[in-house]
Amino acid sequence: DGGITQSPKYLFRKEGQNVTLSCEQNLNHDAMYWYRQDPGQGLRLIYYSQIVNDFQKGDIAEGYSVSREKKESFPLTVTSAQKNPTAFYLCASTAPLYTEAFFGQGTRLTVV
Amino acid sequence: AQSVTQLGSHVSVSEGALVLLRCNYSSSVPPYLFWYVQYPNQGLQLLLKYTTGATLVKGINGFEAEFKKSETSFHLTKPSAHMSDAAEYFCAVSDVAAGNKLTFGGGTRVLVKP
Numbered sequence: 121d122g123g124i125t126q127s128p129k130y131l132f133r134k135e136g137q138n139v140t141l142s143c144e145q146n147l148n149h150d151a152m153y154w155y156r157q158d159p160g161q162g163l164r165l166i167y168y169s170q171i172v173n174d175f176q177k178g179d180i181a182e183g184y185s186v187s188r189e190k191k192e193s194f195p196l197t198v199t200s201a202q203k204n205p206t207a208f209y210l211c212a213s214t215a216p217l218y219t220e221a222f223f224g225q226g227t228r229l230t231v232v
Numbered sequence: 147a148q149s150v151t152q153l154g155s156h157v158s159v160s161e162g163a164l165v166l167l168r169c170n171y172s173s174s175v176p177p178y179l180f181w182y183v184q185y186p187n188q189g190l191q192l193l194l195k196y197t198t199g200a201t202l203v204k205g206i207n208g209f210e211a212e213f214k215k216s217e218t219s220f221h222l223t224k225p226s227a228h229m230s231d232a233a234e235y236f237c238a239v240s241d242v243a244a245g246n247k248l249t250f251g252g253g254t255r256v257l258v259k260p
């Protein structure tokens, strides 16, 4: 079955550590996105990538980094510079002929 | 810049009653509009979308929404609520010129009372 796989589902980070969230898709979609979700704030765009080896900052990119070395993969690194990383992170993708985004099941990151 | 406003962060309805979730948007170009549903600790699932054509759009699970350009609105309705409709609902607008990236409203959590 085609879809988007995020891993892990739950992730715990100590303060000062970098952590990487995985996002893999087998939908052959060109564009991929990372969103952060906090209660009452909806989803906010962190980074997006429209093609391999290219990506753009979204609305809240500070403290995050991404790479897009393969079409299928768009990992997100939450760095120690992100002062409030506890949140639910969602990865999504879109294809040129489709207007809607397809979402993964999310990763819940907690700082301990 | 595009923006989406959802009126009411929480809505409580009785089972069998009408569900009405309000969404207003701003966009400098003809918008693509979406409603997504999210169950606890899960990703978002598309309920319905408006791109062009008919302004009354039907989606899954008995939901529908009407695009009203004059009111810049895209309200979501369901005639009769079911317990399984308890979830969080997000309205979103797509920036087609920027790779279809979505701008979301703050979400509305629906509680269904028996």
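Which chain is which? The protein sequence lines are A and B, in order. The working numbering applies: residue 121 is where the first sequence begins, and numbers increase by one. The working numbering applies: residue 147 is where the second sequence begins, and numbers increase by one. Note that beta-carbon positions come from the ideal geometry of N, C-alpha and C, so glycine has one too. Given the structure is predicted, the values throughout are model-derived calculations rather than measurements.
Asked	Found
Inter-stretch contact (C-beta, 8 Å, three-pair minimum) for the region 151-162 of chain B and the region 191-211 of chain A	no
Touch test, the region 124-137 of chain A against the region 203-221 of chain A, Cβ-Cβ under 8 Å, three pairs minimum	yes
Rounded separation between Gln202 of chain A and Leu131 of chain A - CA only	15 Å
Of the residues B:Ser173, B:Leu193 and B:Gly189, the one placed nearest Phe180 of chain B, counting alpha carbons only	B:Leu193
CB contact below 8 Å: Ser173 of chain B versus chain A	no
Contacting residues, own chain, Cβ-Cβ under 8 Å from Glu210 of chain B (five flanking each side not counted)	Leu194, Leu202, Val203, Lys204, Leu222, Thr223 and Lys224
CB contact check: Gln188 of chain B to chain A, cutoff 8 Å	yes
Backbone CA spacing between Gly208 of chain B and Val183 of chain B [nearest angstrom]	13 Å
Presumed contact (8 Å Cβ cut-off) between Gly160 of chain A and Gln188 of chain B, rounded CB distance	The Cβ separation is near 18 Å, so there is no contact.
The region 155-189 of chain A: positions lying closer than 7 Å to chain B by Cβ	Gly160, Gln161, Gly162, Leu163, Leu165, Tyr168 and Gln170
Secondary structure of Ser200 of chain A, DSSP reduced to three states	coil
Inter-residue spacing [alpha-carbon to alpha-carbon] between Gln157 of chain A and Gly162 of chain B	30 Å
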